[in-house]
Structures are given as C-alpha cells and as structure tokens.
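Let me begin by presenting the structure, written as structure tokens, before commenting on it.
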Amino acid sequence: MSVTEHSLSVVRPLWAVVIRSFAFLRKEVVEIFRQPRLLALLVVGPFALLVLFGSGYSETAIVKRAIFVGPEGSIYEEVLDTYEADLSDFIESQGMVATEAEAVAELDAGRSDLVVIFPADPATEVMSGDRAVIRLIHNEIDPIQEGAVEIAARLAIQEVNATVLTTFAVEAEAAMPDSATMRERLLALGDELADDPTATRDALVAQLGLVDDALSGSSIVLDRLDLGDDRRSDELAEARADTVAIVERLQTVSAETTDAELNDLADAVSGLTASLDETVILDPEVLIRPFQSRTDNRLDGSINPTEYFTPASLALLLQHLALTFAALSLVRYRRTGLFELMRVGPLSSVEIIVGKIFAYLLVGSVVGALLIAASVYGLSVPLAGSVGWVAFTVVGVLLASLALGMVLAIVAGSESQAVQYAMLVLLAGLFFSGFMLPVDGLAAPVRVISWMLPVTYGIASFQDVMLRGLPPDTSVIFGLSALVVGYGAIAILGLRRQLSAKAAT
Amino acid sequence: MRSTSTTGPTTGPTTEDTPPATGATRRPDGSLTSVTTRGLRKSFDDVEVLHGLDLHVEPGTIVGLIGPSGCGKTTTVRLMTGLLAPTAGDASIGSTRSVELTSAQRSRIGYLPQTPALFPDLSLMENLSFHASMYGLPLRRKQRLMSVLDWVELSDDAGKRVSEASGGMQRRLALAAAFVHDPDIVFLDEPTAGIDPILREKIWAQFREVASAGKTLVVTTQYVGEAGMCDEVGLLSDGELLLVDTPADLRRAAFDGQVVDVRTTRPLSASELERLSDHDFVVGQAERTDVSVARFVVDDADRAIPRLSRSFADLGIDVVEAGEHEVDYDEAFVRVVQRHRSAAQGVLDEGAEA
Chain B
9 MSVTEHSLSV
19 VRPLWAVVIR
29 SFAFLRKEVV
39 EIFRQPRLLA
49 LLVVGPFALL
59 VLFGSGYSET
69 AIVKRAIFVG
79 PEGSIYEEVL
89 DTYEADLSDF
99 IESQGMVATE
109 AEAVAELDAG
119 RSDLVVIFPA
129 DPATEVMSGD
139 RAVIRLIHNE
149 IDPIQEGAVE
159 IAARLAIQEV
169 NATVLTTFAV
179 EAEAAMPDSA
189 TMRERLLALG
199 DELADDPTAT
209 RDALVAQLGL
219 VDDALSGSSI
229 VLDRLDLGDD
239 RRSDELAEAR
249 ADTVAIVERL
259 QTVSAETTDA
269 ELNDLADAVS
279 GLTASLDETV
289 ILDPEVLIRP
299 FQSRTDNRLD
309 GSINPTEYFT
319 PASLALLLQH
329 LALTFAALSL
339 VRYRRTGLFE
349 LMRVGPLSSV
359 EIIVGKIFAY
369 LLVGSVVGAL
379 LIAASVYGLS
389 VPLAGSVGWV
399 AFTVVGVLLA
409 SLALGMVLAI
419 VAGSESQAVQ
429 YAMLVLLAGL
439 FFSGFMLPVD
449 GLAAPVRVIS
459 WMLPVTYGIA
469 SFQDVMLRGL
479 PPDTSVIFGL
489 SALVVGYGAI
499 AILGLRRQLS
509 AKAAT
Chain S
49 MRSTSTTGPT
59 TGPTTEDTPP
69 ATGATRRPDG
79 SLTSVTTRGL
89 RKSFDDVEVL
99 HGLDLHVEPG
109 TIVGLIGPSG
119 CGKTTTVRLM
129 TGLLAPTAGD
139 ASIGSTRSVE
149 LTSAQRSRIG
159 YLPQTPALFP
169 DLSLMENLSF
179 HASMYGLPLR
189 RKQRLMSVLD
199 WVELSDDAGK
209 RVSEASGGMQ
219 RRLALAAAFV
229 HDPDIVFLDE
239 PTAGIDPILR
249 EKIWAQFREV
259 ASAGKTLVVT
269 TQYVGEAGMC
279 DEVGLLSDGE
289 LLLVDTPADL
299 RRAAFDGQVV
309 DVRTTRPLSA
319 SELERLSDHD
329 FVVGQAERTD
339 VSVARFVVDD
349 ADRAIPRLSR
359 SFADLGIDVV
369 EAGEHEVDYD
379 EAFVRVVQRH
389 RSAAQGVLDE
399 GAEA
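Note that the protein sequences, when read in sequence, are chains B and S. Letter by letter, the first sequence follows residues 9 to 513 in this note's numbering. Letter by letter, the second sequence follows residues 49 to 402 in this note's numbering.
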C-alpha cells in the first residue's frame, strides 16, 4: 500500500473553513459524549444540588429565638403572653426571665439568638421626658444575619410598644364605651339630671371628659393622616365644641338650677349624643396603630427560596461550565502537539475559535435545556415567560462565557492556572452578579465587574423570564451581545498572536 | 543537501553553491519540496541556541538532523516550518520564507511534532479524519483514510480508541496523520523516539518509500545509527551544524579518511607505530585499539592495505589480519563532536594567550 494512494485535493478555501470548523465541533462533541461520567457530572450533579437545596432549605432558620428580660409581674410579661402569636412573625419568643445575666447565659450557650432587655421602670423615664430604652444583645458574626436580627428585634419591639399602648388604651376603653353606649348613658344621665343634679353632674362631666378624649384622639389621627376630608374634621371640631360647652354649662349646675334649665341641658346632652352617631370616633386599637400592612404580590403566587435561586444557579452553572471547557481545552491544545500542528498547518485563529465555540455551545445548550427542564418539571420552578427568551439567555450566557474562557486560556500559562482563573470568575460571579447580593448595592466602580460577567445578565434575564414572565431587559440583550463581541475579539486577536511565529518561543 | 556551518567543519559546498531561495526547486505542479536556511540564528531570552545554520535540502530526499538532546534539532525544524521566527538569517520552503507561508502553502506541508496531537477518546479513524479536516480534505475521504491507515498497518484497528492503542500504534497513527493530506514536504520531529528497533526499522522503510514517491522528508533523531537510512545527514551539536554529508562519506569525513585495522601476532612498540605512520598514505598518527591491533586512517583502504602489509613484513612483524574497519555512526559522531570541541577549545586558548 502506497502512502500516495487515493490521494485527495484540498477543497476550495471557503468550504475548507467550514470543514475545519466542523472538525473541531465534531471532535469536541464526540469527546464529551463519550465520557458518561462527565455528562453525569454536568447534568445530574447540578440538578442534585438544586434538589438538595430545595428540600433542605428551611425559612424557619431565619426566625430568631429571643429571650426577654423584665421585672416580674410587669406589663411586658402580660404582653408577651397575650401577643406571642403576633410576635412570632418576627421572633420565636422564649419567654421572660428576671435578670440580664440569666438571659445572656442562654445566649452564650447558643440556646438563644437574641436578648431583649426591657427597662425596669419605663414610667419614670417617660415622665422625666426620656424615651425608655429597650436593649438588644446578640452574638451574630454574619453581617446579613446581624441585620436580620436587628430588623426582627426592631419590629418585635415596635409591636411590644404598640401592644403596651394598646393595653392601656383598652383599659381606658372599659371606661370609654363606644358611641352607642355612651349615648345611652348620656341620655340616662340627662334624665336623672332633674332628680339628683349634683351627682348626675359629676358623672356626666367624667363621661363627657372621655368623649372629649376620644374626639380629640380621633381628630389628631385624622388630621395627621391628612385625608383632606374637611367635613369629618368639622364634625369632630363641632362635637368637641358642643362637648366643651355642655361641660361648662354642667359646671354651673346646682340645687338652685331650675327645671327648665336642667331640661334644656338634658336636651343638649341628648343632641350631643345624637351627633356622636354621625361623628367618627376611632377604635382605640386604630388610634394606637392606625396602619397595618397587607402585602400582595403581583406575581401568580409567592416565590420560595428554591424557585428564586434556581434560575440564578442555572446562569452561574452555565457560565462556569462554558468558561472552564473553553479555557481548559485551549490550554490543553497549547500543551500538546496540536497547537504546534495548528500553527504549521493552514488553520486560522478564527476557525479554531469558531469551531470550538460552536462545539461547546451545542453541548452547553443541551446541558442547559436538560437542567431547565429538570428544574421546571422536577422542582416546580415557574417558567412564566417565553421559552424563546429562555433559549436566548442560555445561548447568550454560553457564548459570552465561552469567549471569556478563550480569553482566560490565552492569559493562562497552564491548565492549573486556567482552573484558578475559572474559580476566580466563579467567585466573582457569586459576589458581583446579583446571585447573593443585589448589584445595585455595589459602588459604581465595582459594578463594572458585574457588567463584565455574563452571569450578571443571565441571572437578571432568567429571573425576569422565568419568574416574572417578562422579556429580558434591553440592557441584558445589549450587555450579553457586547461581551460576546468584546471577549470574542480579544480571544481571536490573542490566539492569532500566539499562533504567529514572532510570538513563539 | 548542501550545507556549511559558519563555525564548524564542513564537507559540503559553501553557501555560494546553494541555489537562491527565490524560485528554488518549485516543481512544475506547484509543490514545495526544497528547504533552504541561510545564517539561521535563534535566541531565547538573549541566549543563542542556534548559531548560524546554512543548509539546503534537495527535493525528494530524506535529510536526517542528528544530535543529542538539546543540540537544536527541534528548534531548527520549528524555524524551517515557520513555527518560530528566526532571530537572524532566514528559512525558506521553496521560494517562500517559512514565516510568510500562505494557508494554501501550509496545506502542502506535513508535520509530526514530538508530542503527537492525538485525542484519546476518539478512534484511530476519527483522529485521522480530524487531521484530514484540518488540511481541508473533502468529506468523502474514507477510502483515503483507510489507505493511509493501511500504509501504517492500522486498518484493522481503525475503530479502536487511541486510549486503548499501544504506544507503537499511536506513533504510527501520528505518522499517518502527518501524511494524510499527501504533502509535498514533511517535517518529522523525532518520529522514532521511544520506539523499539523493529518498529523503527519499519518506519524508516516507510520513509524511504515516501521519498521514492518524490516527497521530501526532514527527520530529526537522537539515534545516530539511523543516519544510514537518510540520503544526507546533518550532525548538530550545541546549536551548530558540524557536518553535512551522505552517510557513506560521513564516516570518512569523521576520520578524514578510511580506517584500516591491522591485527598482529605481537604488540607493536611506540617507535614501530611511529615508523608505520610515516607513510604518505597514512593520515595522522596510527593508534593502538587493542593489545595487538593497530588502527590507521588512510586515504584509500584498498590501496593502503597491501602497502601496510609490506611495511609490517619489512619490520619483521607477522600480520594476522588486515582490513577496512566499518566505522559505525555513533563512533563517527563522537569523533566529529570531539574534534569540534577540541578545535573550539583551541581557539579559546589562543584567544586567552593573545
């Protein structure tokens, strides 16, 4: 057999470019698909992690255990007992102890996350014009957890504050019945006025004092709320003026007061009670806490942590996969004779880059599609938006990451260096992409790093498309395109330089 | 091959005899089959590793670049292929400077690097097909691939993965890959390194077959014994081309003549050796290689042996055996290197004295 037998001529240049690029594509795809363990690692590994996260993550972990310190038999104890259910939104109450040392011991032993110390004598402090201080002690080292503790404690304390006030108000409420009861009492007292003017006078004055308080409190709240309802304000002002006038007239009642005057006064009281029906007197609970929150999510149902983190994890995985493949592959080429062969042969840097990028794009797209399908059907992660936009995001993140991987391969001197670079980019992805912390929280110069990472756009786009059902933001489309073009150009120029004889050593 | 070394001894013609690079040996069909280097120098980090190499490789020949590790063989090949740019001087394939070869011209060059570019997870056939694609061969190529695999006796293992193939099979596959596109000129960097002698012989037979088909081969090797398989041999040492010649003349050049060994019935004395060396057909001083064996370098062994026998008889010494000694290539190589180093040391000493 001769070496020249069945010899073939080289095809036309353009067709040769296609054949060469396709050769790389075919080689890479065949190599990857012939490594079942690698494929399992690529698809099953990340999915298993997501499943573990989804099943293992518990939101109760962020509800902090709090132990309270306060005087025995104080109102705090009563409040904590009565309103434990309300406080459980913020903290898990572990009850009240008498001394700070006792509570801190629990904290140090790790049985509590937070110690809340109520002032021993708040009334004295308040009466002296100071706000009573409620102290918090914790031992968190995680800044995020520390913030969570402070927010939870603050909310809990606000709740305690309001609850204490409400308790006082409720007590007052016992003496200040609602408007219907008050009217009945006033009418009865008005009727009794003729029989025992002096005793009835004192009872009426006390009763009207409560009415005045209720009207005054309601007036203040409504004025503060600035509802722009002048009629209500006028009614309240008129009712208060009537009340004050009746009280003044009552002060003059004595044994000498004539029946006619007493009847007239009884009519005035009756008139006042009638007007109270028309007047807004606020409930004490409302007076103390005029606002309460009610949150409605415009999305169809709330997003749990697994659903929230899955799209971000997918973006991060795709970036890491593509980047590592591209970086390692090109560095390996350089280490083996293939790089030399490519430089001696007719290959151009564009053909190498295009061939490899298409190969890994194909593999990455298959992996991405499998992971997304597994997330949607296996983990019930919502896919509210268009599949087309999801595909766009997958391709965009892969292309930009592959190009970045090629750039890293050109910079890296060895495979271990390439791996280290890939790990650095992964770390950068965790910190700067919005995976853990919002990108908007970063200072402007540092945010440039976010913009340089494909995963930043991937996370934003996946979350918009999958969770919100929206198309990706224009900035995502432009950002990913810019990264593909920018990194791609750097990779081609860098490889061309390395392939050139002048740069070789 | 014609050559001179700017520093070393040479038996080949000088650079003036070398055909001009422009228009050099380009075949009518446009193939590129000759290689020319002129004053080729290469430095890495200010350390010169190749000191002015002048060489011309004729089309259709096998030229062996022989020398120990680190002598500059691979650097020379890399400069010839355009993988490296020279620090000074020039290397050309045909009429084109190696660093300026076009993509079309590169597709006519074959190259076997020291580390073969093979992919363990692909089959032998798939590996070969990948290399064929790199050179832009058409997709309907199965027949060609099978014939090349057949040439290296691997057609029965075409479907086997490289990871399952033996070292020898991988080497032959790499060889097949270098020839898959039927190149005009092939550079083979230590193709027989680490291969058993039987396979080496087989591979060299294949090289001879390729050369007989009109291809030019530039082969580097550490095995000096392989010199005999080349049409011409260049001896490299410490970045210098010491000698370029045909294998037959290489041995003669190493000793400045032919070597004759004479075995006698008794040991020769120093004075007897001196008298025997006085003949005009004896080059230099005769030496004793064994107790009763004397070695003479002569200009023509056939004429010298009878005359030496007579001289021995005149001295009353009985000759047991007299004949030409077939110097092996290792011996010749060592001789050339030693002579070169001695000359270099002499120049240094003279410089120091001056």
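The beta-carbon is built from N, C-alpha and C at its ideal position, and this holds for glycine as well. In this text, all values refer to a predicted model and were calculated from it rather than measured experimentally.
Neighbourhood of residue i by C-beta, 6 Å cutoff - its chain only, sequence neighbours within 5 removed
| i | result |
| --- | --- |
| residue 67(S) | Its pLDDT being 38, under 50, residue 67(S) is placed unreliably by the model, and the measurement read from it follows with that caveat. Within the same chain, residue 67(S) has no close Cβ partners at all. |
| residue 64(S) | Note that residue 64(S) scores a pLDDT of 36, beneath 50, so its modelled location is shaky; the value from the coordinates is reported in the next line. Contacts found: none. |
| residue 137(S) | 86, 87, 88, 89 |
| residue 107(S) | 73, 81, 82, 264 |
Beta-bridge pairing of residue i - partner residues as DSSP gives them
| i | result |
| --- | --- |
| residue 268(S) | 113(S), 237(S) |
| residue 151(S) | DSSP lists no partner for residue 151(S). |
| residue 90(S) | 98(S) |
| residue 338(S) | 341(S) |
| residue 138(S) | 86(S) |
| residue 104(B) | 76(B) |
| residue 159(S) | 235(S) |
| residue 282(S) | 113(S), 292(S) |
Exposure label - residue i; buried when at least 16 CB within 10 Å
| i | result |
| --- | --- |
| residue 350(S) | exposed |
| residue 23(B) | exposed |
| residue 214(S) | exposed |
| residue 149(B) | exposed |
| residue 361(B) | buried |
| residue 255(S) | buried |
| residue 111(B) | buried |
| residue 86(S) | buried |
| residue 326(B) | buried |
| residue 443(B) | buried |
Residue span of the beta strand (DSSP E) that contains residue i, given as start and end
| i | result |
| --- | --- |
| residue 343(S) | 341-346 |
| residue 146(B) | 143-146 |
| residue 99(S) | 95-105 |
| residue 198(S) | Per DSSP, residue 198(S) belongs to no beta strand (DSSP E); it is in the alpha helix (DSSP H), 190-199. |
| residue 76(B) | 72-77 |
| residue 307(S) | 306-312 |
| residue 393(B) | Segment: none, residue 393(B) is in no beta strand (DSSP E) and carries neither H nor E. |
| residue 293(S) | 288-293 |
CB of residue i within 8 Å of CB of residue j, strictly
| i | j | result |
| --- | --- | --- |
| residue 124(B) | residue 152(B) | no |
| residue 319(B) | residue 471(B) | yes |
| residue 307(S) | residue 295(S) | no |
| residue 90(S) | residue 284(S) | no |
| residue 50(B) | residue 387(B) | no |
| residue 426(B) | residue 436(B) | no |
| residue 268(S) | residue 125(S) | yes |
| residue 274(B) | residue 254(B) | no |
| residue 398(B) | residue 380(B) | yes |
| residue 391(B) | residue 495(B) | no |
| residue 182(S) | residue 449(B) | no |
| residue 244(B) | residue 227(B) | yes |
| residue 99(S) | residue 249(S) | no |
Residues near residue i in its chain [Cβ-Cβ closer than 7 Å; skip 5 each side]
| i | result |
| --- | --- |
| residue 303(S) | 345, 375, 383 |
| residue 27(B) | 19 |
| residue 339(S) | 315 |
| residue 37(B) | 367, 370, 371 |
| residue 504(B) | 357 |
| residue 351(B) | 507 |
| residue 311(B) | 475 |
Endpoints, alpha helix (DSSP H) assigned at residue i
| i | result |
| --- | --- |
| residue 62(B) | 44-64 |
| residue 345(B) | 345-352 |
| residue 128(B) | That residue, residue 128(B), is in no alpha helix (DSSP H); it is neither H nor E in DSSP. |
| residue 372(S) | No alpha helix (DSSP H) contains residue 372(S), which is instead part of the beta strand (DSSP E) from 367-372. |
| residue 386(B) | 357-386 |
Cut-off 8 Å between Cβ atoms - residues of its own chain near residue i, not counting five sequence neighbours on either side
| i | result |
| --- | --- |
| residue 225(S) | 160, 164, 165, 166, 175, 176, 179 |
| residue 257(B) | 273, 276 |
| residue 321(S) | 333, 334, 335, 336, 342 |
Proximal residues of chain D, C-beta to C-beta of residue i below 7 Å
| i | result |
| --- | --- |
| residue 183(S) | Here chain D cannot be found, since the structure's protein chains are B and S. |
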